[in-house]
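Q: For reference, the structure I am asking about is given below.
2 protein chains.
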Amino acid sequence: MSTIVDLPTETPEQGSSASHQGENTSAPETSLREATQTWIREAILSGRYQGGEKLIERELSEMTGASRSVLREALSHLEARGLIVRQSFRGYTVAKLSTRSIFEIFELRASVETLAAELFAERASDQEVEDIGIAFEAIEAGIHANDLKKIRTAKDQFFGVLFAGCRNSEIRRALENVIDRISYLRSQLMSDPRRRQDSLVEMRLLAEALQDRNRVEARAASLAHLESARDALVNQLSVAANTKVAKAITKVPRKS
Amino acid sequence: MSTIVDLPTETPEQGSSASHQGENTSAPETSLREATQTWIREAILSGRYQGGEKLIERELSEMTGASRSVLREALSHLEARGLIVRQSFRGYTVAKLSTRSIFEIFELRASVETLAAELFAERASDQEVEDIGIAFEAIEAGIHANDLKKIRTAKDQFFGVLFAGCRNSEIRRALENVIDRISYLRSQLMSDPRRRQDSLVEMRLLAEALQDRNRVEARAASLAHLESARDALVNQLSVAANTKVAKAITKVPRKS
DNA sequence: TCTCCATTTTTTGTATACAAAATGAAGAAC
DNA sequence: GTTCTTCATTTTGTATACAAAAAATGGAGA
Numbered sequence: 204m205s206t207i208v209d210l211p212t213e214t215p216e217q218g219s220s221a222s223h224q225g226e227n228t229s230a231p232e233t234s235l236r237e238a239t240q241t242w243i244r245e246a247i248l249s250g251r252y253q254g255g256e257k258l259i260e261r262e263l264s265e266m267t268g269a270s271r272s273v274l275r276e277a278l279s280h281l282e283a284r285g286l287i288v289r290q291s292f293r294g295y296t297v298a299k300l301s302t303r304s305i306f307e308i309f310e311l312r313a314s315v316e317t318l319a320a321e322l323f324a325e326r327a328s329d330q331e332v333e334d335i336g337i338a339f340e341a342i343e344a345g346i347h348a349n350d351l352k353k354i355r356t357a358k359d360q361f362f363g364v365l366f367a368g369c370r371n372s373e374i375r376r377a378l379e380n381v382i383d384r385i386s387y388l389r390s391q392l393m394s395d396p397r398r399r400q401d402s403l404v405e406m407r408l409l410a411e412a413l414q415d416r417n418r419v420e421a422r423a424a425s426l427a428h429l430e431s432a433r434d435a436l437v438n439q440l441s442v443a444a445n446t447k448v449a450k451a452i453t454k455v456p457r458k459s
Numbered sequence: 204m205s206t207i208v209d210l211p212t213e214t215p216e217q218g219s220s221a222s223h224q225g226e227n228t229s230a231p232e233t234s235l236r237e238a239t240q241t242w243i244r245e246a247i248l249s250g251r252y253q254g255g256e257k258l259i260e261r262e263l264s265e266m267t268g269a270s271r272s273v274l275r276e277a278l279s280h281l282e283a284r285g286l287i288v289r290q291s292f293r294g295y296t297v298a299k300l301s302t303r304s305i306f307e308i309f310e311l312r313a314s315v316e317t318l319a320a321e322l323f324a325e326r327a328s329d330q331e332v333e334d335i336g337i338a339f340e341a342i343e344a345g346i347h348a349n350d351l352k353k354i355r356t357a358k359d360q361f362f363g364v365l366f367a368g369c370r371n372s373e374i375r376r377a378l379e380n381v382i383d384r385i386s387y388l389r390s391q392l393m394s395d396p397r398r399r400q401d402s403l404v405e406m407r408l409l410a411e412a413l414q415d416r417n418r419v420e421a422r423a424a425s426l427a428h429l430e431s432a433r434d435a436l437v438n439q440l441s442v443a444a445n446t447k448v449a450k451a452i453t454k455v456p457r458k459s
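Line by line, the protein sequences give chains A and B.
This note's numbering numbers the first residue of the first sequence as 204 and each following residue consecutively.
This note's numbering numbers the first residue of the second sequence as 204 and each following residue consecutively.
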């Protein structure tokens, strides 16, 4: 059952740089289009625009300062990533997450993210193994400090190192897309102190397995964390069925 | 180790239609942008534009009849899907596949596509099980008739049914993207009669397992097929290292 | 007060125009 | 003959304009 093989190492710079170029390589922010895109993405991920909400071009244009040409390119890009959807002559709306979508996403993640964990254990550099430890400690510190923003940053860091260490930019790309779609829910989840504590325990197991380069344990810990996060998310949704977040997730438009 | 659970069935029309809307739902081809996008995509997949080749806007504009606004939206969309890459002030080029990328893609597919096969065995409707059989017979007929185009169409059909039957549009989305990227290589592969024969045998095993709804066998057959296809592809590349296809795959630009 | 229809306004779809950057070519200096 | 510089052309980046479709508004009739 070995799906893990040694990948060829030739032309590594070409393979990976070409693959995730144009993604969120936060560094240079070359074109206006990319900046606009990032702005909109951040606005959605931070919850400024809720699921199902309409994105009005004039409004975005004013806020970002970009012209409509640029704006529409950015929107088209985000549509391809699944973050927003377009209907003919009705413009773009923020993609809605049905409960079903959440299950689907976690089903995919359960397959791919566990693979990523295994691959990290196998392929990560010593530096990356060290970085995983550092990132985990940052998460821990954030939780103790009760600092939501810090937690989120540290988690992004953690998964960033994880995906880099697995040496497969296709996995990174596939996961980035689905994680984007649910990431504005993550902060909702993390606001529950008990869930935070559970999450910390699960992630410690994962971090330790990764640092030990223990493939089997890493997969198991990753899967456990995912299932736990999924269940917590679905639970919270069914409990808080009246909050605006829940409405943004579960409801279908009435007059479509 | 059960990553397979029963997905909730609520709001199925919303969940799925919203999820893969705006993809290649070949039916209505509403907007000009989508048509343009499809045109470019087809041009790349059919090999009309080779990997690394530059896409000149004026040229595409003339060929598709679309204005630059529309064209650029389409290009932006395709960039997000990874089919083309953009460099500042140097326009778009068709994404190149390094050997490494191919390994990465197959590594991802080995994880996700086998899951899709399992899920199909579990969840597909009786109609879909039947359709899988029909699609397979079409592939068989195509191979016997030695009709490359027919083979390709039938295979698309087969995987279309497979992805639909697994009831997870996220999986479909993730796989569509990576399969797009290597699909212009598939015809190269299929031109080798021996590989065609091998492929047929592997796919028969897969089709039979799917029709028997045998999860374990389905996964095994899917994995076997993938590894076989990957190896054949890599083999062919190293053999025919001087063909234009190989050049499009392996070489890095000299003056970048 | 409610409902239906016509008109106005907003918003999207498409096309064109102008500016900036990069590429390529011709000519001058060596 | 070669190389460097300068200029013209091409191509991309950005902004604006116009047309078509949908949504919002408001008034007339019941």
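Idealized CB from N, CA, C, for every residue including glycine.
Any heavy atom of the ligand COA closer than 7 Å to the CB of glutamate 237 of chain A?
A: Ligands displayed in this structure: none; no statement on the ligand COA is therefore possible.
Q: Can you check the stretch 263 to 290 of chain A for any beta strand (DSSP E) of at least 3 residues that lies completely inside it and give the ranges in chain order?
A: Runs of the beta strand (DSSP E) lying entirely within the stretch 263 to 290 of chain A and spanning at least 3 residues, in chain order: 287 to 290.
Q: Taking the C-alpha atoms as reference points, what is the distance between serine 314 of chain A and leucine 318 of chain B?
A: Counting from one through the first sequence, the residue named residue 314 of chain A turns up at place 111. Counting from one through the second sequence, the residue named residue 318 of chain B turns up at place 115. Each residue's alpha carbon lies about 7 Å from the other.
Q: Report the residue from B:Gly368, B:Val404, B:Lys353, B:Leu440 whose alpha carbon sits nearest the alpha carbon of glutamate 331 of chain B.
A: For the purposes of this step, residue 331 of chain B is identified with residue 128 of the second sequence, where counting begins at 1. Selected option, being the one with the closest Cα: B:Gly368.
Q: Can you check whether the CB of serine 264 of chain B is closer than 8 Å to the CB of serine 270 of chain B?
A: Translated into positions along the second sequence, residue 270 of chain B becomes position 67. Translated into positions along the second sequence, residue 264 of chain B becomes position 61. Taking 8 Å as the cut-off, the beta carbon of serine 270 of chain B is found closer than this to the beta carbon of serine 264 of chain B.
Q: For the beta strand (DSSP E) containing glycine 250 of chain B, list its first residue and its last residue.
A: Numbered from its first residue, the second sequence carries residue 250 of chain B at position 47. Per DSSP, glycine 250 of chain B belongs to no beta strand (DSSP E) and is neither H nor E.
Q: Considering only C-alpha positions, which residue in the set A:Glu379, A:Arg375, A:Lys257 is nearest to alanine 298 of chain A?
A: Your numbering for residue 298 of chain A matches position 95 in the first sequence. It is A:Lys257.
Q: For a contact defined as C-beta to C-beta under 8 Å, what are the partners of asparagine 371 of chain B on chain A?
A: Position 168 of the second sequence, counting from 1, holds the residue named residue 371 of chain B. Within chain A, the residues near asparagine 371 of chain B are Glu307, Glu310, Leu311.
Q: Does the stretch 298 to 313 of chain B come into contact with the stretch 301 to 310 of chain A, if we say contact requires no fewer than three beta-carbon pairs (one atom in each stretch) closer than 8 Å?
A: no
Q: State the DSSP-derived secondary structure class of leucine 300 of chain A, mapped to helix, strand or coil.
A: On the first sequence, position 97 is the one that residue 300 of chain A refers to. The answer is coil: DSSP assigns leucine 300 of chain A none of H, G, I, E or B.
Q: Assuming serine 390 of chain A contacts arginine 355 of chain A under a Cβ cut-off of 8 Å, what Cβ separation, rounded to an integer in Å, is found between them?
A: Within the first sequence, residue 390 of chain A is the residue found at index 187, counting from 1. Within the first sequence, residue 355 of chain A is the residue found at index 152, counting from 1. Contact flag correct, Cβ pair sits at about 6 Å.
Q: Checking 8 Å against the spacing of the C-beta atoms, do arginine 422 of chain B and glutamate 321 of chain B come in under that value?
A: The residue you call residue 422 of chain B lines up with position 219 of the second sequence. The residue you call residue 321 of chain B lines up with position 118 of the second sequence. In this structure, glutamate 321 of chain B lies closer than 8 Å to arginine 422 of chain B by Cβ.
Q: Starting from alanine 338 of chain B, trace the alpha helix (DSSP H) in both directions and tell me its first and last residue.
A: Numbered from its first residue, the second sequence carries residue 338 of chain B at position 135. Alanine 338 of chain B -> alpha helix (DSSP H) spans 329 to 348.
Q: Cβ closer than 7 Å: which chain B residues qualify as neighbours of leucine 318 of chain A?
A: As a position in the first sequence, residue 318 of chain A is number 115, starting the count at 1. Ser314, listed in chain order.
Q: Name the chain B residues whose beta carbon is nearer than 8 Å to that of serine 272 of chain A?
A: As a working note, residue 272 of chain A is residue 69 in the first sequence. Within 8 Å Cβ-Cβ: Ser272, Arg275.
Q: Going by the beta-carbon positions, is the gap between glycine 254 of chain B and leucine 300 of chain B smaller than 8 Å?
A: For the purposes of this step, residue 254 of chain B is taken as the residue at position 51 of the second sequence. For the purposes of this step, residue 300 of chain B is taken as the residue at position 97 of the second sequence. Going by C-beta atoms, glycine 254 of chain B is nearer than 8 Å to leucine 300 of chain B.
Q: Between glutamate 373 of chain B and asparagine 380 of chain B, what straight-line distance do the alpha-carbon atoms span, to the nearest angstrom?
A: Position 170 of the second sequence, counted from the start, is the residue given in the question as residue 373 of chain B. Position 177 of the second sequence, counted from the start, is the residue given in the question as residue 380 of chain B. For glutamate 373 of chain B and asparagine 380 of chain B, the distance between alpha carbons rounds to 11 Å.
Q: How should glycine 268 of chain B be labelled, buried or exposed, when 16 other C-beta atoms within 10 angstroms of its C-beta is the threshold for buried?
A: On the second sequence, residue 268 of chain B is found 65 positions in, with the first residue counted as 1. When all chains shown are included, glycine 268 of chain B counts as exposed.
Q: Quick one, which of B:Leu274, B:Arg312, B:Glu262, B:Ile259 has its alpha-carbon nearest threonine 239 of chain B's?
A: Along the second sequence, read from residue 1 onward, the residue named residue 239 of chain B stands at position 36. Comparing Cα-Cα distances from threonine 239 of chain B to each of B:Leu274, B:Arg312, B:Glu262, B:Ile259, the minimum goes to B:Leu274.
Q: Would the stretch 332 to 342 of chain A and the stretch 405 to 416 of chain A be scored as touching if the rule is three or more Cβ pairs under 8 Å?
A: yes
Q: If we ignore side chains and look at the alpha-carbon of each, how far apart do alanine 277 of chain A and glycine 294 of chain A end up?
A: Reading the first sequence from its first residue, position 74 is the one you call residue 277 of chain A. Reading the first sequence from its first residue, position 91 is the one you call residue 294 of chain A. Rounded to the nearest angstrom, the two C-alpha atoms are 13 Å apart.
Q: Looking at C-alpha atoms only, which residue of A:Ser394, A:Asp395, A:Leu426 is the closest neighbour of leucine 408 of chain A?
A: Here residue 408 of chain A is taken as the residue at index 205 of the first sequence, counted from 1. Ranking the options by Cα distance to leucine 408 of chain A, first place goes to A:Leu426.
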